[in-house]
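4 protein chains.
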Amino acid sequence: MADATTTLEALKELVRRFVAERAWEPYHSPKNLSMGLAAEAAELMEHFLWVDSEASRAVVRDPEKLAAVADELADVACHVLNLSNVLGIDLSDAIRAKMARNALKYPAGQSAGGSRQ
Amino acid sequence: MADATTTLEALKELVRRFVAERAWEPYHSPKNLSMGLAAEAAELMEHFLWVDSEASRAVVRDPEKLAAVADELADVACHVLNLSNVLGIDLSDAIRAKMARNALKYPAGQSAGGSRQ
Amino acid sequence: MADATTTLEALKELVRRFVAERAWEPYHSPKNLSMGLAAEAAELMEHFLWVDSEASRAVVRDPEKLAAVADELADVACHVLNLSNVLGIDLSDAIRAKMARNALKYPAGQSAGGSRQ
Amino acid sequence: MADATTTLEALKELVRRFVAERAWEPYHSPKNLSMGLAAEAAELMEHFLWVDSEASRAVVRDPEKLAAVADELADVACHVLNLSNVLGIDLSDAIRAKMARNALKYPAGQSAGGSRQ
Numbered sequence: 001m002a003d004a005t006t007t008l009e010a011l012k013e014l015v016r017r018f019v020a021e022r023a024w025e026p027y028h029s030p031k032n033l034s035m036g037l038a039a040e041a042a043e044l045m046e047h048f049l050w051v052d053s054e055a056s057r058a059v060v061r062d063p064e065k066l067a068a069v070a071d072e073l074a075d076v077a078c079h080v081l082n083l084s085n086v087l088g089i090d091l092s093d094a095i096r097a098k099m100a101r102n103a104l105k106y107p108a109g110q111s112a113g114g115s116r117q
Numbered sequence: 001m002a003d004a005t006t007t008l009e010a011l012k013e014l015v016r017r018f019v020a021e022r023a024w025e026p027y028h029s030p031k032n033l034s035m036g037l038a039a040e041a042a043e044l045m046e047h048f049l050w051v052d053s054e055a056s057r058a059v060v061r062d063p064e065k066l067a068a069v070a071d072e073l074a075d076v077a078c079h080v081l082n083l084s085n086v087l088g089i090d091l092s093d094a095i096r097a098k099m100a101r102n103a104l105k106y107p108a109g110q111s112a113g114g115s116r117q
Numbered sequence: 001m002a003d004a005t006t007t008l009e010a011l012k013e014l015v016r017r018f019v020a021e022r023a024w025e026p027y028h029s030p031k032n033l034s035m036g037l038a039a040e041a042a043e044l045m046e047h048f049l050w051v052d053s054e055a056s057r058a059v060v061r062d063p064e065k066l067a068a069v070a071d072e073l074a075d076v077a078c079h080v081l082n083l084s085n086v087l088g089i090d091l092s093d094a095i096r097a098k099m100a101r102n103a104l105k106y107p108a109g110q111s112a113g114g115s116r117q
Numbered sequence: 001m002a003d004a005t006t007t008l009e010a011l012k013e014l015v016r017r018f019v020a021e022r023a024w025e026p027y028h029s030p031k032n033l034s035m036g037l038a039a040e041a042a043e044l045m046e047h048f049l050w051v052d053s054e055a056s057r058a059v060v061r062d063p064e065k066l067a068a069v070a071d072e073l074a075d076v077a078c079h080v081l082n083l084s085n086v087l088g089i090d091l092s093d094a095i096r097a098k099m100a101r102n103a104l105k106y107p108a109g110q111s112a113g114g115s116r117q
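Going down the list, the protein sequences come from chains A, B, C and D.
At position 48 of the first sequence (counting the first as 1) the number is 48 in this note's numbering, and the numbers step up by one without a gap.
At position 33 of the second sequence (counting the first as 1) the number is 33 in this note's numbering, and the numbers step up by one without a gap.
At position 96 of the third sequence (counting the first as 1) the number is 96 in this note's numbering, and the numbers step up by one without a gap.
At position 103 of the fourth sequence (counting the first as 1) the number is 103 in this note's numbering, and the numbers step up by one without a gap.
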């Protein structure tokens, strides 16, 4: 599991260098990157368009489909990292802060029934 | 910079526990999470709807707006981490593999003019 | 059924006048409208985020929810009409041409199994 | 201009028949169609990803690009018509009602500065 030892900064640096080596910074405004992110998220979603919710879990047991989905998820993640770079956002901090707020909004251990995430 | 020391696995574990404590797993199929991810990405994009591409860079100097954008970006990131958990995807590996393919597709140091992701 | 007697041009004219009376044309570039359209489509989709595919059909029997969904669908439609105006596209022609191509791509009467748009 | 004489019902009937001839109704739940609509909207948006807002207006003078955009816009429109059919929504009524509400929310003739849909 590379995730166990890879920091967010290591991945952000990977993306930062990739963009710099191609001199793409002028195109990568927050507006454009947010559009690109939404477009990539839609492509990921298309993989699950015509299957039922439960059936979509079967992708885990289909190596070819799983690889295609992982590829789209990586595209989305690269846009998130790129946006963090461009905006100077500490993503770990932002995630922890968000989850702390969500923990207040959706207290643990309550009966569901209400909204969920 | 928490990003310098936070591993992806630490954040994945944070999300995994949050979901488990609320027993939300039955709702979090890949289909539903991909929809949620696309919806969050659209909310992030809405912050940049009516500004020009260049003008959108000014968000960096507007603490209130930047905090709102960081909050939406964290929402998107949580869905990415959640999907990685549900699908058993090593996100660092997927990102590195994707960027290696992109490096072949868009060689560094070439004159632009072509597409730029 | 107003749809039985309302032409697309009547609705396009309604949108055209609404935009002109507010002098919004400078903001309504194809780029911005395409972003707005995607954002509205995501809001529509959010209504169906946590229900199963079959269960989502029940919205038809829930007047309050149906009204909210119709409202979002109208938002999406207004963006489509607005884009048609801005781009000078005859939408009826474009739809008929597209469906003619789809009819060749997905011949009628074939057993399913394949893709279904 | 076919839009001047084509009613929404005529186009809705075209879509209804197309779907029926392929027996696609079981797949076309509101949930799935809303996902398909969001995915098509994202594909339309991708045409304007790397151009500036003003530059995106030039698509009107590029017949090939305009045809590609019209094709994507038709895809979006077909999903809107299909959803109207499935949900039993009178789209003209919904659009007129929405615009009446928007006229109150954004009174005409006011100086801009505020939000502009």
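Positions of the beta carbon are idealized from the N, C-alpha and C atoms, including for glycine.
Neighbour-count burial assignment, residue i, 16 or more Cβ in a 10 Å radius
i                : result
ASP90 (chain A)  : buried
GLU21 (chain C)  : exposed
ASP62 (chain B)  : exposed
PRO30 (chain B)  : buried
THR6 (chain D)   : buried
LEU81 (chain C)  : buried
LEU104 (chain D) : exposed
GLU46 (chain A)  : buried
GLY113 (chain D) : Caution is warranted here: a pLDDT of 46 is assigned to GLY113 (chain D), below 50, making its placement in the model unreliable, and the coordinate value is therefore given only provisionally. That one is exposed.
GLN117 (chain D) : Any reading at GLN117 (chain D) needs caution, since the residue's pLDDT is 47, under 50, leaving its predicted position unreliable; the model's value is listed next. Buried is the call here.
PRO107 (chain B) : exposed
ARG101 (chain D) : exposed
SER92 (chain B)  : buried
When the options are compared against residue i, the one with the closest alpha-carbon
i                : options                              : result
GLU54 (chain B)  : A:VAL51, A:MET45, A:VAL86, A:GLU46   : A:VAL86
GLY109 (chain C) : D:PHE18, D:ALA10, D:LEU11            : D:PHE18
PHE48 (chain A)  : A:LEU104, A:ARG101, A:LEU73, A:GLU13 : A:LEU73
VAL15 (chain C)  : C:ALA4, C:THR5, C:HIS28, C:ARG61     : C:HIS28
PRO26 (chain A)  : B:ILE95, B:ARG57, B:ALA103           : B:ARG57
TRP50 (chain A)  : D:VAL60, D:ALA4, D:TRP24, D:GLU9     : D:TRP24
SER84 (chain C)  : C:ASN102, C:ALA10, C:GLU46, C:MET99  : C:ALA10
HIS79 (chain C)  : C:ALA2, C:ASP3, C:GLU13              : C:GLU13
VAL76 (chain A)  : B:ALA94, B:VAL59, B:GLY88            : B:ALA94
MET1 (chain B)   : A:ARG96, A:ALA4, A:ASN102, A:TYR106  : A:ARG96
VAL60 (chain A)  : B:VAL60, B:GLY88, B:GLU64            : B:GLY88
ALA4 (chain A)   : B:ALA4, B:LEU8, B:ASP3               : B:LEU8
Per DSSP, cross-strand counterpart(s) of residue i
i              : result
THR7 (chain A) : B:THR7
Task: Any alpha helix (DSSP H) of 4 or more consecutive residues that is wholly inside the segment 47–99 of chain A - done: 63–87
TODO: Could you tell me whether the segment 37–50 of chain C touches the segment 38–49 of chain D, using the rule of 3 or more Cβ pairs below 8 Å?
DONE: yes
Open item on the list: Pairs of beta-carbons, one from the segment 29–37 of chain B and one from the segment 59–70 of chain B, closer than 8 Å: are there three or more?
Closed with: no
TODO: Entirely within the segment 15–47 of chain A and at least 3 residues each: give me those beta strand (DSSP E) ranges in chain order.
DONE: none
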